[in-house]
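Q:
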Amino acid sequence: MKLLTTTRGPEETQAIAALLAPAMVTGDVIALEGDLGAGKTTFVRGLAEAIGIEPNRVSSPTFILVQEYESDDVRTLVHVDAYRISDESELDAIGWDEMLEQRDAVVVIEWPERVSARLPREMMVVRLVHAGQDERDVEIVIPESWRERFAMIADRWPGQIISTDSSSATQSPPTSDAVCPVCEEALVTSEHHPFCSERCRLVDLGRWFHGRYSISRPLRDDDEFEL
Ligand code: ADP
Ligand code: MG
2 MKLLTTTRGP EETQAIAALL APAMVTGDVI ALEGDLGAGK TTFVRGLAEA IGIEPNRVSS
62 PTFILVQEYE SDDVRTLVHV DAYRISDESE LDAIGWDEML EQRDAVVVIE WPERVSARLP
122 REMMVVRLVH AGQDERDVEI VIPESWRERF AMIADRWPGQ IISTDSSSAT QSPPTSDAVC
182 PVCEEALVTS EHHPFCSERC RLVDLGRWFH GRYSISRPLR DDDEFEL
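Offset between the sequence shown (1-based) and the numbering used here: plus 1.
#1: Roughly how many angstroms lie between the CA atoms of T77 and E185, to the nearest whole one?
#2: Sorted by chain position, which residues of the same chain lie with C-beta nearer than 6 Å to D29's C-beta, five sequence neighbours on each side aside?
#3: Ordered along the chain, which non-local residues of its own chain (more than five positions away) have a Cβ less than 6 Å from that of G10?
#4: Buried or exposed: which applies to E13, given that a residue is buried once 16 or more other Cβ atoms fall within 10 Å of its Cβ?
#5: Is the distance from the Cβ of E89 to the Cβ of R119 below 8 Å?
#6: Could you tell me whether the Cβ atoms of T42 and S61 are closer together than 8 Å?
#7: Please confirm whether any heavy atom of the ligand NAP lies closer than 7 Å to the CB of T42.
#8: Could you tell me the alpha carbon to alpha carbon distance between I54 and S164, rounded to whole angstroms?
#9: Could you compute how far the alpha carbon of R85 sits from the alpha carbon of L66?
#10: With a threshold of 6 Å on Cβ separation, who are the neighbours of A34 within its own chain once the five nearest residues in sequence on each side are excluded?
#11: Do the region 137-154 and the region 20-27 touch if we need at least three Cβ pairs shorter than 8 Å?
#12: Exposed or buried, E102, counting other C-beta atoms within 10 Å across all chains shown (16 or more means buried)?
#13: Relative to the ligand MG, is the shortest distance from any of its heavy atoms to the C-beta of E114 smaller than 7 Å?
#14: Using the Cα positions of D205 and G96, report the straight-line distance between them to the nearest angstrom.
#15: Buried or exposed: which applies to R104, given that a residue is buried once 16 or more other Cβ atoms fall within 10 Å of its Cβ?
#16: Distance, Cα to Cα, G47 vs L5?
#17: Would you kindly work out how many angstroms separate the C-alpha atoms of V109 and I141, rounded to a whole number?
#18: Would you kindly report the start and end of the unbroken alpha helix (DSSP H) that includes D98?
#19: Beta carbon of R128: closer than 7 Å to some heavy atom of the ligand ADP?
#20: Given the structure, does E111 come close to the ligand ADP, in the sense that its CB is under 7 Å from one of the ligand's heavy atoms?
#21: So, at 6 Å on beta carbons, what are the nonlocal neighbours of A179 in its own chain, with the 5 sequence-adjacent residues on each side left out?
#22: Which same chain residues, not among the five before or five after Q161, have their C-beta less than 6 Å away from its C-beta?
#23: How long is the line joining the alpha carbons of A1 and C197, rounded to whole angstroms?
#24: Would you kindly work out how many angstroms separate the C-alpha atoms of I143 and I17, rounded to a whole number?
Following this line, the structure appears as structure tokens:
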């Protein structure tokens with residue numbers, strides 16, 4: 002599941018973080034991607050405030066790689082800035098694996114690219130991109146297994162929500178008489194389940210995007226992608 006929006010000013014980026022906060026649970030890891038000044042630390046401030054931590058306590062940990070903020074909330078916030086990591090072996094010195102396995106904290110990581118080999122398989126990825134002096138494009142990718150938790154914010158999300166559910170193949174493999182809901186061809190492989198191909202998945206996504214879900218006829222070669 003992907004959430005897209007554009008924020009206009011730091012307060013809006015903080016508000017986005019606060020909107021996500023109620024759906025987060027201890028054990029969650031959030032990777033914050035974006036250039037210098039994109040708003041990663043601003044995002045962490047919004048998250049901190051939402052879970053009862055004084056937002057002004059949050060700064061980029063510059064020399065201290067990791068900062069931990071306790072809150073009255075049950076959730077501790079662990080804030081990592083990997084910018085200065087030059088060698089992944091440095092992570093062992095700070096007990097990286099234990100930190101990520103800490104089940105009583107939400108862990109947010111700035112500059113996750115620097116520690117890419119040591120990130121968990123399941124995490125939320127927040128990408129912040131400069132789109133003007135005070136504007137930032139925000140893209141948030143949420144693991145499918147977290148989807149239910151985040152359904153609660155769907156009504157209040159100030160932007161687009163894109164379903165990226167192509168991972169259900171392992172949960173519900175197609176039966177022998179299953180057909181693709183877009184082109185109605187028999188499903189042979191489960192790779193793009195419940196669709197027969199990447200193309201049909203994209204067509205379905207395009208329809209969803211445009212609020213059109215009805216299937217009036219099978220897909221033809223001259224159909225255009227609507228994304
Ligand atoms: P990073 O941690 O990514 O280096 P910071 O959060 O420390 O970035 O800094 C972001 C800077 O950009 C702050 O000075 C903030 O006030 C400013 N800013 C302007 N517009 C926005 C916005 N829409 N979202 C976040 N920060 C913004
Ligand atoms: Mg920062």
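Virtual Cβ for every residue (Gly too), placed ideally from N, Cα, C.
Computed from a predicted structure; not experimentally measured.
A: Answer, in terms of the structure:
#1: The residue labelled residue 77 in the question sits at position 76 within the sequence shown. The residue labelled residue 185 in the question sits at position 184 within the sequence shown. Rounded to whole angstroms, T77 to E185 spans 49 Å at the Cα level.
#2: For the purposes of this step, residue 29 is taken as residue 28 along the sequence shown, with counting starting at 1. Closer than 6 Å at the Cβ level, and outside the excluded window around D29, lie V107.
#3: Here residue 10 refers to the residue found at position 9 of the sequence shown. Residues of the same chain with a CB within less than 6 Å of the CB of G10, apart from the 5 flanking positions on each side, are D135 in chain order.
#4: The residue labelled residue 13 in the question sits at position 12 within the sequence shown. Answer is buried; the Cβ neighbour count reaches 16.
#5: Along the sequence shown, one-based indexing puts residue 89 at 88. Along the sequence shown, one-based indexing puts residue 119 at 118. Yes, Cβ-Cβ distance for E89 and R119 is below 8 Å.
#6: One-based indexing of the sequence shown puts residue 42 at position 41. One-based indexing of the sequence shown puts residue 61 at position 60. A contact, by the Cβ cut-off of 8 Å.
#7: Looking at this structure, you won't find the ligand NAP anywhere; what it does contain is the ligand ADP and the ligand MG.
#8: Here residue 54 is taken as the residue at index 53 of the sequence shown, counted from 1. Here residue 164 is taken as the residue at index 163 of the sequence shown, counted from 1. About 32 Å.
#9: The residue given as residue 85 occupies position 84 in the sequence shown. The residue given as residue 66 occupies position 65 in the sequence shown. Near 8 Å, if we compare the C-alpha coordinates of L66 and R85.
#10: Counted from its first residue, the sequence shown places residue 34 at position 33. For the record, residue 34 in the displayed sequence is Glu; it is not Ala. Beyond the five residues adjoining it in sequence on each side, E34 comes within less than 6 Å, by CB distance, of R128 in the same chain, given in chain order.
#11: In this structure the region 137-154 touches the region 20-27; the number of beta carbon pairs closer than 8 Å is three or more.
#12: Taking the sequence shown and counting its residues from 1, one reaches residue 102 at position 101. The residue is exposed, with fewer than 16 neighbouring Cβ atoms inside 10 Å.
#13: For this step, residue 114 is matched to residue 113 along the sequence shown. Answer for E114: no, Cβ out of range of the ligand MG.
#14: As a working note, residue 205 is residue 204 in the sequence shown. As a working note, residue 96 is residue 95 in the sequence shown. Our two residues, D205 and G96, have alpha carbons roughly 45 Å apart in a direct line.
#15: Translated into the one-based positions of the sequence shown, residue 104 becomes position 103. Taking all protein chains shown into account, R104 has fewer than 16 neighbouring C-beta atoms within 10 Å of its C-beta and is therefore exposed.
#16: Here residue 47 is taken as the residue at index 46 of the sequence shown, counted from 1. Here residue 5 is taken as the residue at index 4 of the sequence shown, counted from 1. Rounded to the nearest angstrom, the two C-alpha atoms are 17 Å apart.
#17: Start at 1 with the first residue of the sequence shown, and residue 109 comes out as number 108. Start at 1 with the first residue of the sequence shown, and residue 141 comes out as number 140. Rounded to the nearest whole angstrom, the CA to CA distance from V109 to I141 is 13 Å.
#18: Position 97 of the sequence shown, counting from 1, holds the residue named residue 98. Secondary structure note for D98: its alpha helix (DSSP H) is the uninterrupted segment W97 to E102.
#19: Counting from one through the sequence shown, the residue named residue 128 turns up at place 127. In this structure, the ligand ADP has no non-hydrogen atom nearer than 7 Å to the beta-carbon of R128.
#20: Counting from 1 along the sequence shown, the entry for residue 111 is found at position 110. At least one heavy atom of the ligand ADP is nearer than 7 Å to the Cβ of E111, so yes.
#21: Looking up residue 179 in the sequence shown gives position 178. Taking A179 as the centre and dropping the five residues before and after it, the same chain places the C-beta of L188 closer than 6 Å to its C-beta, in chain order.
#22: Locating residue 161 in the sequence shown gives position 160, counting from the first residue. Closer than 6 Å at the Cβ level, and outside the excluded window around Q161, lie L5.
#23: Nothing can be reported for residue 1, as the shown portion of the chain is limited to 2 through 228.
#24: Translated into the one-based positions of the sequence shown, residue 143 becomes position 142. Translated into the one-based positions of the sequence shown, residue 17 becomes position 16. Per the coordinates, the alpha-carbon of I143 lies some 14 Å from the alpha-carbon of I17.
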